[in-house]
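Numbering follows the working numbering, with no gaps: position 200 of the sequence shown is 200. Cβ coordinates follow ideal geometry from the N, Cα and C atoms, glycine included. Keep in mind the model is a prediction, meaning the values are calculated, not measured. Worksheet: one structure, shown below.
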Amino acid sequence: MLYPVIIWIYSLFIKKPVDEIINNNIHLNKNPSISLIISAYNEENVILQKLNNCLTLNYPTDKMEIIIASDGSTDETNSIVSNFDSDRIKFIDLPRMGKVNVINEIVPEASGKILVFSDANTIYDCNAIIELVKYFNKKQIGCVCGNLKLVNPTEKELDGESSYWKYEKWIKNLESKLGIVVGANGAIYAIRKKLFESLPPTTINDDFHISMKIFDKGYDVVVSEKAI
């Protein structure tokens, strides 16, 4: 219980660039090139919805690369993606190798200066990419985590978040004010490509490893509450 109290006190006195972005509603100075990377394994039930969602995101199409990498899917995922009617989707069919190795395989081929990592079952708000990327106006910010809202599919309202998850998000928002968010969430986060390091094959939590490596390089890791 001491940890949240300590970082709350620190956040009252230490000002980081994230405050300026939040309080002054800073917008993008320019639109950096981005690569949206989705690793998919047997996602036939959600992949079509994800593909359609990707095409609704507010970002210049000439600056946004969309990569779907199939991790050896054995269901209809590959068929759905390969037959999807859009030349904006870059589909890569890989043998089964695990998400960590998929990321290692795809990142060097990605063209964007900013990499946005997502899951196949995560649906983005139309402005989520813009809200993530604008934080990179500040050179010391190396990783931006989005605001993941859990949805209970059996209920009409978006109220699937447990008390524990709300508490964890509160902690992350406090950490964000200091630029020390402990671990990104793989469903929605972005990094500077130049800061990426190949993941050890034994890595379990790729999102945690990537964000902590960036923090270890001296860059801030923050949360964007509007990137939903």
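Terminal residues of the alpha helix (DSSP H) in which residue i lies
| i | result |
| --- | --- |
| residue 131 | 128-133 |
| residue 84 | Looking at the DSSP string, residue 84 is not in any alpha helix (DSSP H), and its letter there is neither H nor E. |
| residue 204 | No alpha helix (DSSP H) holds residue 204; DSSP gives it neither H nor E. |
| residue 51 | 47-55 |
Candidates the options, of which the one nearest residue i by Cα
| i | options | result |
| --- | --- | --- |
| residue 132 | 206, 221, 215 and 200 | 221 |
| residue 50 | 93, 94 and 126 | 126 |
| residue 109 | 91, 96 and 120 | 91 |
| residue 191 | 136, 226 and 181 | 136 |
| residue 78 | 121, 167, 119 and 44 | 44 |
| residue 181 | 211, 85, 166 and 198 | 211 |
Residues near residue i by beta carbon distance below 7 angstroms, same chain, minus five either side
| i | result |
| --- | --- |
| residue 60 | 31 |
| residue 203 | 100 and 209 |
| residue 53 | 123 and 124 |
| residue 93 | 70 and 78 |
Boundaries of the beta strand (DSSP E) in which residue i is found, first to last residue
| i | result |
| --- | --- |
| residue 90 | 89-94 |
Own chain residues within Cβ distance below 8 angstroms of residue i, not counting five before or after
| i | result |
| --- | --- |
| residue 207 | 117, 183, 184, 185, 186 and 189 |
| residue 111 | 33, 35 and 65 |
Rounded C-alpha distance that separates residue i from residue j
| i | j | result |
| --- | --- | --- |
| residue 194 | residue 102 | 18 angstroms |
| residue 74 | residue 224 | 35 angstroms |
| residue 2 | residue 57 | 40 angstroms |
| residue 65 | residue 55 | 11 angstroms |
| residue 144 | residue 215 | 11 angstroms |
| residue 37 | residue 89 | 11 angstroms |
| residue 81 | residue 169 | 33 angstroms |
| residue 115 | residue 150 | 23 angstroms |
| residue 123 | residue 146 | 12 angstroms |
| residue 138 | residue 200 | 29 angstroms |
Three-state class that DSSP yields for residue i in the structure shown
| i | result |
| --- | --- |
| residue 102 | helix |
| residue 124 | coil |
| residue 65 | strand |
| residue 2 | helix |
| residue 196 | coil |
Own chain, CB closer than 6 angstroms to residue i, minus 5 neighbours either side, in chain order
| i | result |
| --- | --- |
| residue 157 | A caution first: residue 157 carries a pLDDT of 49, below 50, which makes its placement in the model unreliable, though a value can still be read off. No residues qualify anywhere along the chain. |
| residue 72 | 95 and 96 |
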